[in-house]
Amino acid sequence: MDPSNPDDDFIHAYKALPTPHARQQLLQSLVQQLSIEDCHIVNNLAYARFHVDILGCLPLELVAGIASYLAPWDVFLYRSVSKRWNEILSSLPVCSSSFHAYFPDQQLDTINNSPESDWPRRFRQVSKRRLALVTGRPYSKSLLLHDEDARERELIAYHDGMIVHDLDPRTIRLLSVVDGPIATYRTQNRELFYMVALSCMAVAAVTKEGYCHVWNYKTGAEGSFRLPCQPHRLVLDEDAVAVQVGTRPTTIITWDLRSRQAREIKHDSSSLLHMFLNAADASLALIHGADADGTPMNHNDSDYPIPDFSGVVGTRHLLQGDATMPTPVLLDDDDDDDDDDDDDDDDDDKTVYFMLPANEPKIPYDCLDSFGTYGRCIVTFGQRMRHRDGDADPDPWPYDEHTWYLMVILHPGKQQQQQHRQHHARNSPTALYRDPAPHLMDGRPRNAAATTCPDVIHYPSPSGIGYPTVANYRAATFAKSEIDDICKDESVKVMTTTTTGEEMLAREFVMGGDDRFFVVMNELGIHVWCFCEDVVLFQETGGYRAVRRGRAEGRRGERERERGREGRQGLSMEDGVAVRIGEFVGKDWEVRGWT
């Protein structure tokens, strides 16, 4: 060997070994000769060989291109990885690329990206709001207490920062979570309210006397119509209402303030899961459980055992007619009776959301549940994996016997609503998630999960005591909300127990909300949490923001201390090791200007 250049000779001899096995034997022999300090150096070199900050080495133009595939809140979150990432992901081109991709309808100042443009403020606003939502860390809270004689009331509906609820059995109130009460409503005959619904312009209520009333709170118009029987479902869009009054067959009555004409829809389905009303194009979309052939399931009360489900399908009804012809037109495959060339079983007005393969176990009837809101329908179901021999009536819900699924179906005519604009246009309006957390599914989600973003759901505690878990299905994360800890802080002036000493959230309560607000009603009153940092709630709870801010500062301090510990560990290496790692990795990846 040439003593003047031993490294080159050694590497050449190592590469000249005839087989991989021979090279591995040489490496094993070398490792046995290493001291503890030498082992630390080798370990650091191996780590650096496979852990390279590629993002930090890319040109800013490429990073901006990558950012167009990231949500603004992800860009905002990734800044905390390192100082280098914070520098890159805070640049105007990167933030502009992400924001523009997710909000294409926003007018951006793409020519100069000046700091005076409005989009940087919006970028920060939506990012912080989303992160507060998925981590269960709202910025503020308010509590609207019930009167003493109204503690048993639980009629409530939420829509886009507005709430309608019952003040007493014969009075309902409309209020804004920011501005407070707007109006109160009673029927002329002081009827007892049974159901309520709310939209962007109207309030609807069904009474026990069998009437449906609609009030337009923007124009002052009002009207009502008689129902043939007690309803099962009530949905409202603008000033149009749809009421399900029958199950076999499915019977739905639609009515609106403009035409004041009632129209009846009958569908041969006994498994209606949800219905979406679209007043703009006068259409009604129905979500059904399906048989093996893809048709909506239809069975009689006498059928036993109750047939199992094979999937979930949707049908669309176009409401047409006037005073002389108030008859709806059903748009589905029946319109193509003579079209032998059309082999496609599905068209624009009949949608298959999910169908099991023919050889797969079906979904037991009592293992499928759904809950719906104005903008989405959530279907949860378990597919049985095996049967227990000798048990005539096995419980169909145990997690270990099923594969669990959760499907989110967005309103087919409302996908451009403001509450859904934070989702990328490339994302499908229907999403199927496998194997949700079993302890969340035990809660039987009907009427127990909040309306939030399409991929974020608030679940109650399985025990019925305590505050919700936040499930972000798109990112597959679950977070315990900090609401409980803050409300128990002595500086937060809010009651957390009832007069009987029970915890504030018992098993029977109603939740709602969206990506800005989270609403819970129980026997104490209406609780509203806000995920927007710059919004002040009506009757905001004193002390909540300060406690929340203190907890955030505590987390920030802990992160800084953790970074300090990691930094000190890095500096404790032998002199020159860090430089050698940088030179080694930079040379191997052929990175220009590596420092």
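With the UniProt record's numbering applied, the sequence shown covers 1 to 595.
Heads up, the beta-carbon is just placed ideally off N, CA and C, and yes, glycines get one too.
Going by C-alpha distance, which of 86, 89, 123, 87 is nearest residue 104? 123
Under the three-state reduction of DSSP, which class applies to residue 135: helix, strand or coil? coil
Rounded to the nearest angstrom, what separates residue 161 and residue 360 at their Cα positions? 43 Å
For residue 241, write down the residues that DSSP places opposite it in a beta bridge. 236, 255
So who's on the other strand from residue 174, going by DSSP bridges? 164, 183
Between the Cα of residue 526 and those of 163, 206, 33, 83, spot the shortest distance and give me the residue it belongs to. 163
Beta-carbon separation (whole angstroms), residue 127 vs residue 537, contact threshold 8 Å: With 8 Å as the limit, residue 127 and residue 537 do not qualify as a contact, their Cβ atoms being about 21 Å apart.
Verify whether the separation of the beta carbon atoms of residue 356 and residue 378 is less than 8 Å. no
Whose CA, out of 33, 42, 283, 144, lies closest to the CA of residue 540? 144
Going by the CB atoms, is the gap between residue 191 and residue 173 shorter than 8 Å? no
Status (buried if at least 16 other CB within 10 Å, exposed otherwise) for residue 348: With a pLDDT of 46 at residue 348, under the threshold of 50, the predicted position of this residue should be treated as unreliable, though the coordinate-derived value follows. Counting Cβ neighbours within 10 Å, residue 348 comes out exposed, since fewer than 16 surround it.
Within its chain, find whatever has a CB closer than 6 Å to the CB of residue 640; leave out the 5 residues flanking it on each side and keep chain order. Given that the chain is displayed from residue 1 to residue 595, the structure contains no residue 640 and the question cannot be resolved.
Quick check on the burial criterion: 16 or more other C-beta atoms within 10 angstroms. Buried or exposed for residue 177? buried
By how many angstroms is the C-alpha of residue 287 removed from the C-alpha of residue 373? 13 Å
Beta-carbon separation (whole angstroms), residue 252 vs residue 240, contact threshold 8 Å: Not really, about 12 Å apart at Cβ, beyond 8 Å.
Residue 274 by DSSP, collapsed to three states: which one? strand
Residue ranges of each alpha helix (DSSP H) within the UniProt domain "F-box" (52-102), 4 or longer: 54-57, 60-67, 72-78, 83-89, 92-102
Hey, residue 365 and residue 307 are a contact pair by Cβ (cut 8 Å); roughly how many whole angstroms apart? 7 Å
According to the neighbour-count rule (16 or more other Cβ atoms, all chains shown, within 10 Å of its Cβ), is residue 99 buried or exposed? buried
Just to confirm before moving on: does the CB-CB distance between residue 276 and residue 368 stay below 8 Å? no
Just curious, the beta strand (DSSP E) that residue 156 is in, first and last residue? 156-159
Suppose contacts are defined by Cβ-Cβ distances below 8 Å. Is residue 75 in contact with residue 67 by that definition? yes
Could you round the C-beta distance between residue 185 and residue 203 to whole angstroms and report it? I think they count as a contact, below 8 Å. 6 Å
Since residue 314 and residue 351 should fall inside the 8 Å C-beta cutoff, what is the C-beta to C-beta distance between them, to a whole number of angstroms? 4 Å
Taking the CB atoms as reference points, tell me whether residue 224 and residue 213 lie closer together than 8 Å. yes
Pick from 274, 34, 319: whose alpha carbon is nearest that of residue 380? 274
Helix or strand or just coil, what does DSSP make of residue 263? strand
Evaluate residue 11 with the Cβ neighbour count: other Cβ atoms within 10 Å of its Cβ, from every protein chain shown; 16 or more gives buried, anything less gives exposed. exposed
Quick one: using the 10 Å Cβ neighbour count with 16 as the cut-off for buried, is residue 338 buried or exposed? Low local confidence applies: a pLDDT of 43 at residue 338 is under 50, so the model's placement there is unreliable, with the coordinate-based value given in what follows. With fewer than 16 other Cβ atoms within 10 Å, it is exposed.
Kindly give me the distance between the Cβ atoms of residue 26 and residue 17, rounded to whole angstroms, as I take these residues to be in contact under 8 Å. 7 Å
Mind checking who residue 403 pairs with in its DSSP beta bridge? 383
Let me know the secondary structure DSSP gives residue 307 once reduced to three states. coil
Exposed or buried, what is residue 166 when buried is set at 16 or more other beta-carbons lying within 10 Å of its beta-carbon? buried
Run of the alpha helix (DSSP H) containing residue 38, from where it starts to where it stops: 36-50
Under a three-way DSSP split, which group does residue 512 fall into? strand
Thinking C-alpha only, which one of 458, 159, 489 is nearest residue 480? 458
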